[in-house]
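Okay, structure first, notes after.
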Amino acid sequence: MPVASVAVDTGLPHLDRPFDYQVSEDLAALAQPGVRVRVRFSGRLVDGYVLARKDSSDHVGKLGYLDKVVSGERVLAPEIAALARAVADRYAGTLSDILRLAIPPRHAAVEKAGSAATSLVVDPNSATVLSTQNRGLSSLRTAAIGAPLAAFDAGGWDAYTAGKSYLQAVHERKPVRAVWQALPGEDWPLRIAEAVRACVSGGRGAVVVVPDARDLARLDAAMTDVLGAGAYMALAADLGPAERYRRFLAISRGEVSVAIGTRAAAFAPVRDVGLLVIFDDGDDLFAEQRAPYPHAREVLMLRSASSKAALLVGGFARTAEAQLLVESGWAHPIEASRIAIRAAGPRIEAAGDEYARGSDSAAAHARLSPAAFDAARTALAAGRPVLIQVPRRGYLPSLACSSCRRPARCRPCRGPLGIRHGSSVPACRWCGALAAPWSCPACAALSFRAVVTGSARTAEEIGRAFAGVKIVTSAGEEVQARVEAAPALVIATPGAEPVAEEGYGAALLLDGGALLARPDLRAAEETLRRWMAAATLVRPGSVGGRVVVGADSSLPTVQALIRWDPAGHAAAELAARRELGFPPAVAMAAVEGKPAGVAAFLEQLQLPEGAELLGPVELDYPFDTERALVRIPLNRHKQLAHALHVAAAARSARKDPDSAKSRMDPLLMF
């Protein structure tokens, strides 16, 4: 009687392995690798996936039988099963955790009806992803069987050194890997669509992941222009269960050879994938919020190696992780010449905050230097919108003592205090408790000062400085996708900047010192990424585009922005982290939880050779929580992940009540 090797969805680390089940004669035809099944495990029925069929089992003892084949649809491709296992091992997680991220829940009606019924259409005036009848099914099926869609065309990649040769290699099905530095003002969705076209015309499929729905909407428009409406499918978290499963099936069944989407699309089951693309890999939206917290960039790197597919890591800025790929020789840079950068970029200048406050009374209350005020006034007079980037949404989201500058904290929970609107009293941003009256525990002062001014307060101040000018706010739940090419002051938080038709006349980057002063390993890297994302929306300097950053011009991050040198900044950042022993120069893991749970986990953890334990230390939030860090040389990453998994498995088997969670490659360490 045949045997099925099943990945059982237990979620328990000590049971993270395949289990063998006998396949009865009536299920033998359906129980094929990749299908969903139900099996009896520890006295209850649980879900699982068939990983393989074999003639016999190494298990000593009696095997149980498959209880049910839920569906004959093969939703777990062998490549994705192997990728999920590799990701689980890298992040000290379980296979079932990764499969929950990779495969959407089943929708029986969609499965029976067929999948190739809808494709993606985007409202050009918003970021809303809509669904409509597929008008390009013939093109979709042509792509599925690998027939060329068009002759190889490098498009706008000629502007980059090694750009055309990279696309030529992708077209020729070579597993080339590159880190792409996009020009300021670059139409990055169009460039990505051209790269995908080169891959598909060579007969292989492609997967593209972007940070959010707004980016996905822009990419969709470019893909439609270049490939056609039926040649790809988009996967996004905000799709309904039925639509999401329908699109997943279209990809899984080979009806389309291209998938685009947000971070979960990294697992899209595209057949014979030849190109994997991630844009703006420094965006924290690429880090999964569910255990074991894989990062989409690392998932695509693992998939590139296992599938022998080309990889493209793109962005306007560059992360230290991407720089490590270049310096190690694992990937090659694709960059434009300095002449091309100067021609495409806006004019960028710096003006520190203190100078801004003491120089011009009209601009002082709006936190604008004379240079920023002049740039805005000139752009408005020319009929162009002006982008004003502020670090935080809200009113006054962060307060400090007016005397000693110590951060203002809530007495009950030690959370940060803030003011939600102009007439409100300070309140805790964690527990909501009001902080009136309040006194500084360090110096007994009774008043506050704002550490960071939010978008709502900034809109008030800017409105008074530029009376009669239209104010547009894009932050929080009210994010605008586009603005017209007309005079307006657009106040936006990082990542929420609307695209302006024909570009902004100027961009003012406020409170740069507050961004750079954050106690975060990635503060400088993230600040430059945010600034460059805003600056690239501005018209070239040759036609009057200006960017004014509110920070000291002597700071290395400000200099990198002025010179538009993300590669140099990333190289310096990586060198500093090597010297200090921080990721990505080393591998690091965090163990977090209640003090008793952290202590018990660390006692169980058998640290590999060369590992260094840092902490544990008490965290400000959540209350009564500790975190310990484990640092190890980069070439021993696998050993540390394995040790964490073994420790978690041992505690899971004992059902220890004091739980602590571990995380490989944490984004936040302070």
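Going by full-length UniProt numbering, 498 is the number at position 498 of the sequence shown; the sequence numbering is gapless.
Glycine included, each C-beta is placed from N, C-alpha and C at the ideal position.
**OP:** Please classify Lys62: does DSSP put it in a helix, a strand, or coil?
**Re:** On the sequence shown, residue 62 is found 62 positions in, with the first residue counted as 1. Of the three classes helix, strand and coil, the one that applies to Lys62 here is coil, per DSSP.
Subject >> Residues sharing a beta bridge with Phe373, DSSP >> reply: Sequence index remark: in the sequence shown, residue 373 carries index 373 (1-based). DSSP links Phe373 through a beta bridge to no other residue.
**OP:** Could you please give the first and the last residue of the uninterrupted beta strand (DSSP E) stretch that includes Arg449?
**Re:** Taking the sequence shown and counting its residues from 1, one reaches residue 449 at position 449. Arg449 -> beta strand (DSSP E) spans 448 to 452.
Original post:
Are the stretch 232 to 247 and the stretch 287 to 304 touching by the rule of at least three beta carbon pairs closer than 8 Å?
Top reply: No: the two stretches stay apart, fewer than three of their Cβ pairs being nearer than 8 Å.
Subject >> For Gln112, the three-state DSSP class (helix, strand or coil) >> reply: Here the question's residue 112 lines up with position 112 in the sequence shown. The residue asked about is misnamed: residue 112 is Lys in this sequence, not Gln. Looking at Lys112 - three-state DSSP - the assignment turns out to be helix.
**OP:** Just tell me which of Tyr504, Thr10, Arg654 has its CA closest to the CA of residue 672.
**Re:** Nothing can be reported for residue 672, as the shown portion of the chain is limited to 1 through 670.
**OP:** Measure the alpha-carbon distance for Met664 versus Glu321 and round it to whole angstroms.
**Re:** Walking along the sequence shown from the start, residue 664 turns up at place 664. Walking along the sequence shown from the start, residue 321 turns up at place 321. Approximately 15 Å between the Cα atoms of the pair.
Subject >> Inter-residue Cα distance where the pair is Glu327 and Lys68 >> reply: Residue numbering aside, residue 327 sits at position 327 when the sequence shown is read from its first letter. Residue numbering aside, residue 68 sits at position 68 when the sequence shown is read from its first letter. Just so you know, the alpha carbons of Glu327 and Lys68 end up roughly 51 Å apart.
Original post:
Quick one: complete alpha helix (DSSP H) runs, 4+ long, within the stretch 503 to 553?
Top reply: 512 to 516, 523 to 535
Subject >> Other residues of its chain near Ser554: CB distance less than 7 Å, five sequence neighbours each side excluded >> reply: Translated into positions along the sequence shown, residue 554 becomes position 554. Residues of the same chain with a CB within less than 7 Å of the CB of Ser554, apart from the 5 flanking positions on each side, do not exist.
Subject >> beta strand (DSSP E) runs wholly inside the stretch 388 to 470, at least 3 long, in chain order >> reply: 398 to 401, 448 to 452
Original post:
Looking at C-alpha atoms only, which residue of Arg318, Leu614, His107, Gly597 is the closest neighbour of Pro333?
Top reply: For the purposes of this step, residue 333 is taken as the residue at position 333 of the sequence shown. If you compare the alpha carbons of Arg318, Leu614, His107, Gly597 with that of Pro333, the shortest gap goes to Arg318.
Subject >> Helix, strand or coil at Leu183 according to DSSP, with G and I counted as helix >> reply: Taking the sequence shown and counting its residues from 1, one reaches residue 183 at position 183. Of the three classes helix, strand and coil, the one that applies to Leu183 here is coil, per DSSP.
Subject >> Of the listed residues Asp281, Ser337, Arg347, nearest to Gln323 (C-alpha basis) >> reply: Your numbering for residue 323 matches position 323 in the sequence shown. Of the candidates Asp281, Ser337, Arg347, the one whose C-alpha sits nearest the C-alpha of Gln323 is Asp281.
**OP:** State buried or exposed for Met301, treating a residue as buried only when at least 16 other CB atoms are found within 10 Å of its CB.
**Re:** Sequence index remark: in the sequence shown, residue 301 carries index 301 (1-based). That one is buried.
**OP:** For Val313, collect the residues of the same chain with a Cβ closer than 6 Å to its Cβ; drop the 5 residues on either side in sequence, then sort them by chain order.
**Re:** The residue labelled residue 313 in the question sits at position 313 within the sequence shown. Counting only Cβ-Cβ distances below 6 Å, and skipping sequence neighbours, we find Val179, Ile278, Asp281, Ala322.
**OP:** Could you say which of Phe601, Ala600, Gly610 lies nearest to Ala587 if we only look at CA atoms?
**Re:** Mapped onto the sequence shown, residue 587 falls at position 587. With distances taken between Cα atoms, Ala587 lies closest to Gly610.
Subject >> Residue range of the alpha helix (DSSP H) that includes Pro189 >> reply: The residue you call residue 189 lines up with position 189 of the sequence shown. From DSSP, the alpha helix (DSSP H) with Pro189 extends over 188 to 201.
Original post:
Run through DSSP, which three-state label would Thr378 get?
Top reply: In the sequence shown, the residue the question calls residue 378 occupies position 378. Thr378: helix per DSSP, three-state reduction.
Original post:
By Cβ distance below 6 Å, which residues in the same chain neighbour Glu73 in space, the five residues on each side in sequence not counted?
Top reply: Taking the first residue of the sequence shown as 1, we reach residue 73 at position 73. So the list reads Glu111, once near-sequence residues are dropped.
**OP:** Whole angstroms is fine: what's the gap from Thr262's alpha carbon to Leu580's?
**Re:** By 1-based counting over the sequence shown, the position of residue 262 is 262. By 1-based counting over the sequence shown, the position of residue 580 is 580. In a straight line, the C-alpha of Thr262 is about 33 Å away from that of Leu580.
Subject >> 6 Å Cβ shell around Gly163 - same chain, five flanking residues per side excluded >> reply: One-based indexing of the sequence shown puts residue 163 at position 163. Excluding residues within five positions, the ones whose Cβ falls inside 6 Å are Trp157, Ile334.
Original post:
In or out: Ile632 buried (at least 16 other Cβ within 10 Å) or exposed?
Top reply: Looking up residue 632 in the sequence shown gives position 632. Buried, since its Cβ has 16 or more Cβ neighbours within 10 Å.
Original post:
For Glu298, which three-state DSSP category applies?
Top reply: Working through the sequence shown from its first residue, we reach residue 298 at position 298. In the structure shown, Glu298 sits in a helix (DSSP, three-state: H, G or I).
Subject >> Bridge-paired residues (DSSP) for His14 >> reply: Along the sequence shown, read from residue 1 onward, the residue named residue 14 stands at position 14. Bridge partners of His14: none, in fact.
Original post:
On the three-state DSSP scale, how would you describe Ala500?
Top reply: Looking up residue 500 in the sequence shown gives position 500. Per DSSP, reduced to three states, the secondary structure at Ala500 is strand.
Subject >> Sequence-distant residues of its chain with Cβ nearer than 6 Å to Arg530 (five each side left out) >> reply: Locating residue 530 in the sequence shown gives position 530, counting from the first residue. Same-chain partners within the cutoff: Pro494.
Subject >> Cutoff 6 Å; reference Met233; Cβ partners in own chain excluding five residues on either side >> reply: The residue given as residue 233 occupies position 233 in the sequence shown. Excluding positions up to five away in sequence, the list reads Arg247, Ala250, Ile251, Val256, Ala259.
**OP:** State the Cα-Cα distance for the pair Pro189 and Gly315, rounded to the nearest angstrom.
**Re:** The residue you call residue 189 lines up with position 189 of the sequence shown. The residue you call residue 315 lines up with position 315 of the sequence shown. Spanning the two alpha carbons is a distance of roughly 11 Å.
Original post:
Across which residues does DSSP place Leu276 in a beta bridge pair?
Top reply: Position 276 of the sequence shown, counted from the first residue, corresponds to residue 276. In the DSSP assignment, Leu276 forms a beta bridge with Val207, Leu311.
Original post:
Any idea what DSSP makes of Asp238, helix, strand or coil?
Top reply: Here the question's residue 238 lines up with position 238 in the sequence shown. Coil, per DSSP.
Original post:
Residue range of the alpha helix (DSSP H) that Asp20 falls in?
Top reply: Here residue 20 refers to the residue found at position 20 of the sequence shown. Segment 19 to 22 is the beta strand (DSSP E) holding Asp20; no alpha helix (DSSP H) there.
**OP:** Counting only runs of 3+ residues fully inside the stretch 613 to 637, write out the beta strand (DSSP E) ranges in chain order.
**Re:** 626 to 633
Original post:
Taking the alpha-carbon positions, what's the Ala499 to Leu396 distance?
Top reply: Numbered from 1 along the sequence shown, position 499 holds the residue referred to as residue 499. Numbered from 1 along the sequence shown, position 396 holds the residue referred to as residue 396. Looking at the sequence provided, one finds Val at residue 499 rather than Ala. Roughly 26 Å between the two C-alpha positions.
Original post:
Which ranges does the alpha helix (DSSP H) cover as unbroken runs of at least 4 residues, wholly within the stretch 82 to 112, from first to last along the chain?
Top reply: Note on the stretch 82 to 112: whole alpha helix (DSSP H) runs with a minimum of 4 residues are 95 to 102, in chain order.
**OP:** Whole angstroms is fine: what's the gap from Asp624's alpha carbon to Pro595's?
**Re:** The sequence position of residue 624 within the sequence shown is 624, counting from 1. The sequence position of residue 595 within the sequence shown is 595, counting from 1. Asp624 and Pro595: Cα-Cα distance of roughly 7 Å.
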